[in-house]
Amino acid sequence: MFGCSRKAPFIHQRLYDIYLPACIQDSFAVSAAYCTKTSATEDMVFRTFESKVGLLVQQDYKEANLQELLAALQALILFHIIQLFDGDIRQRSLAEQNMDTLRAWTVQLKVRATELPPPFTWQEWIFEESVRRTVIFSLMLDGLFSTLKKGYCSNVKGLNILPFASKI
């Protein structure tokens, strides 16, 4: 998990070397707190978690630049992983309420990324690859959760258009 190891398969380890967005800082801090929670701290961790998720999904990323949208979606995915699979029914319910936001941001990121010019620098490649991995991971998370919950994948159309090629 991101907070325990500072790694996530959809976030390139060099992506935030230059600029670390607040939502990524929040997701790291909350993930780290989650990794070290005890029965005595669980309530505080989940209250902090809910607060940070609430602040994140209240933001309007329609006019945000692509870097901000990517960071917001990555943070939301990290929060979703914990909320959906922790086993706490309240957390799962809250994540399910934000599933439409996750889907909308994923589609928005995928569509807007098609306008990117071919990467010229290493940092541009890292960014484009992070976008691709994030879109894939988000759609797969959505598909996995629907399969576990309903017994079938309700996101086949989205999974069918996954950007496995190097260009979104």
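All residue numbers for the sequence shown refer to full-length UniProt numbering, where the first residue is 1 and numbers rise by one.
Even glycine gets a Cβ: it sits at the ideal position worked out from N, Cα and C.
Every value quoted in this text rests on a predicted model; they were computed, and no experiment measured them.
Look at the Cβ atom of residue i, then the Cβ atom of residue j, and state whether they are nearer than 8 Å.
i, j, result
"L159", "R112", "no"
"V30", "L94", "no"
"I24", "Q74", "yes"
"S27", "F79", "yes"
"L102", "S51", "no"
"R92", "F10", "no"
"S130", "L15", "yes"
"P21", "E96", "no"
Going by C-alpha to C-alpha distance, which of the options sits closest to residue i?
i, options, result
"L70", "V107, S154 and I81", "V107"
"R90", "A72, R47, T121 and V57", "R47"
"V135", "I77, P21 and S154", "I77"
"L84", "G143, A104 and D17", "G143"
"T39", "Y19, H12, D88 and Y152", "The sequence shown places Ser at residue 39, not Thr. For S39, the nearest C-alpha among the options comes from D88."
"V45", "D86, I18 and H12", "D86"
DSSP three-state call for residue i: helix, strand or coil?
i, result
"I18", "coil"
"A8", "strand"
Use the C-beta contact count for residue i: other C-beta atoms within 10 angstroms, 16 or more gives buried, fewer gives exposed.
i, result
"Q58", "exposed"
"L109", "buried"
Whose C-beta lies closer than 6 Å to the C-beta of residue i among residues of the same chain, with five residues either side of it excluded?
i, result
"residue 169", "Since the displayed the chain opens at 1 and closes at 168, residue 169 lies outside it and no answer follows."
"A72", "C23 and Y61"
Once the 5 residues before and after residue i are set aside, which same chain residues still bring their CB inside 8 Å of it?
i, result
"P117", "none"
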